[in-house]
Amino acid sequence: MDTLQLIKINDDQLLATLSSDLDIFSKTFKLNLKIDSIKNSSRKITYDILNNYIKSGPNKKELDHLKTEAYELFNILSFFELEQYFIKLKKSKIPPHLHLILDSDTNLIPFEILHDGKDFLSDYIIFSRVLIDSKKSFNFEFNIEQSQKFYLVGNPSESEDINEDVMNELSSISEYISPIFNLRGPFRHRNVDKVELIRLIGSSSLLHYSGHYTNDGWSLYNDSFSANDIKKCSRTPNFLFSNSCGNYNDSFIEFINSFLHKGTKTIISSLGSLPSEKAVEFSSIFYNFFL
699 MDTLQLIKIN
709 DDQLLATLSS
719 DLDIFSKTFK
729 LNLKIDSIKN
739 SSRKITYDIL
749 NNYIKSGPNK
759 KELDHLKTEA
769 YELFNILSFF
779 ELEQYFIKLK
789 KSKIPPHLHL
799 ILDSDTNLIP
809 FEILHDGKDF
819 LSDYIIFSRV
829 LIDSKKSFNF
839 EFNIEQSQKF
849 YLVGNPSESE
859 DINEDVMNEL
869 SSISEYISPI
879 FNLRGPFRHR
889 NVDKVELIRL
899 IGSSSLLHYS
909 GHYTNDGWSL
919 YNDSFSANDI
929 KKCSRTPNFL
939 FSNSCGNYND
949 SFIEFINSFL
959 HKGTKTIISS
969 LGSLPSEKAV
979 EFSSIFYNFF
989 L
């Protein structure tokens, strides 16, 4: 598997390392960039421009704006240095998989919607991520064993605007999950209160949540499940799919990091507004492809 590691050296430098199965494409280079400027550019793309594009619907002006800013960040990160590698990926008949190894600073970069001047990277690359502490050493090999408990949680806030889509989603992905894992649930609606969710998280190896995200955490019925509640869990799942909206504010980053600090190894989550029908479509494609 090809990997791209991008980690912070200090406030003014990043280190990029591409490791490819073909040695001619493997490369390491330093980037003399202020990490704060990268964060600001990333937030502008994912929080401002992308959200406006999603809210306004198909809009050429907004799309062109997104492409321009995403291409600018692509070049700021000096990814033009990897031009031949990206050309090779585009020629692949099977969608190539690139595993990103990032730290808490570089994890903010929206790799999926970076633009190479012709295409968004996610048009021809399937990305996965692992978040590391760049000051420590880690083993990046993580395999999910079959027959582990896989919990499904859906619409605990009982929100009418997403209920039909969420119920259809849980039914669809159950068909992919149950032959391989020990499927538990779906656990739905107001029965999943804060105490019950703490119990479910603490006893699951893999968990899929589908529902709304509020300003500080997952939406429950007349309540929310925040970073402070995650800290109350005895443990957290190795794998978490949070199929909800997200953003780049401090509370959302704290929410995601709370799972990672508790031991979660893999998290899939949106970093912007996510229409429920698109969320359903994506999760079905994901489980169909990877299971």
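Take 699 as the starting number for the sequence shown in this note's numbering and just add one per residue.
Just so it is clear, CB atoms sit at the ideal spot from N, CA and C, and this is done for glycine as well.
Every value quoted in this text rests on a predicted model; they were computed, and no experiment measured them.
Buried/exposed call for residue i, threshold 16 Cβ in 10 Å
| i | result |
| --- | --- |
| E862 | exposed |
| D927 | buried |
| G909 | buried |
| P854 | buried |
| S754 | exposed |
| L702 | buried |
| P808 | buried |
| S735 | exposed |
| S876 | exposed |
| N913 | exposed |
| N805 | buried |
Whole-angstrom distance between residue j and residue i, CA atom to CA atom
| i | j | result |
| --- | --- | --- |
| I799 | L771 | 18 angstroms |
| F723 | S717 | 8 angstroms |
| I705 | L729 | 10 angstroms |
| L673 | D719 | Shown here, the chain extends from 699 to 989; a query on residue 673 therefore has no answer. |
| N941 | S869 | 15 angstroms |
| E856 | Y745 | 26 angstroms |
| F727 | S776 | 9 angstroms |
| K649 | F937 | Not covered by the structure: residue 649. The range shown for the chain is 699 to 989. |
| Q711 | L812 | 20 angstroms |
| S739 | E767 | 8 angstroms |
| K765 | I871 | 32 angstroms |
| N889 | N750 | 35 angstroms |
| I707 | E781 | 24 angstroms |
Collapsed DSSP secondary structure at residue i in the structure displayed
| i | result |
| --- | --- |
| R933 | coil |
| F723 | helix |
| S881 | Here residue 881 turns out to be Leu, not Ser, going by the sequence shown. Three-state DSSP puts L881 in a strand. |
| I951 | helix |
| L716 | strand |
| S902 | coil |
| D803 | coil |
| K732 | coil |
| V893 | helix |
| I792 | coil |
| S826 | strand |
| N920 | coil |
| H910 | coil |
| N757 | coil |
| N853 | coil |
Contacts around residue i, its chain only, beta-carbon distance under 6 angstroms, and the 5 residues preceding and following it disregarded
| i | result |
| --- | --- |
| P884 | L850, G852 and L868 |
| Y985 | I871 and Y874 |
Contacts around residue i, its chain only, beta-carbon distance under 7 angstroms, and the 5 residues preceding and following it disregarded
| i | result |
| --- | --- |
| S967 | S940, G944 and I954 |
| S820 | E810 and I811 |
| Q844 | I878 and F879 |
Supposed contact pair residue j and residue i - C-beta distance, whole angstroms, cut 8 angstroms
| i | j | result |
| --- | --- | --- |
| L829 | D803 | About 10 angstroms separates the two Cβ atoms, so there is no contact after all. |
| I950 | T934 | Correcting the residue identity first, residue 950 is Phe in this sequence and not Ile. The Cβ separation is near 17 angstroms, so there is no contact. |
| E952 | A925 | 5 angstroms |
CB contact below 8 angstroms: residue i versus chain B
| i | result |
| --- | --- |
| Y907 | Looking for chain B here will not work: only one protein chain is present. |
Same chain, Cβ closer than 8 angstroms to residue i, neighbours up to 5 away in sequence not counted
| i | result |
| --- | --- |
| K929 | S956 and K960 |
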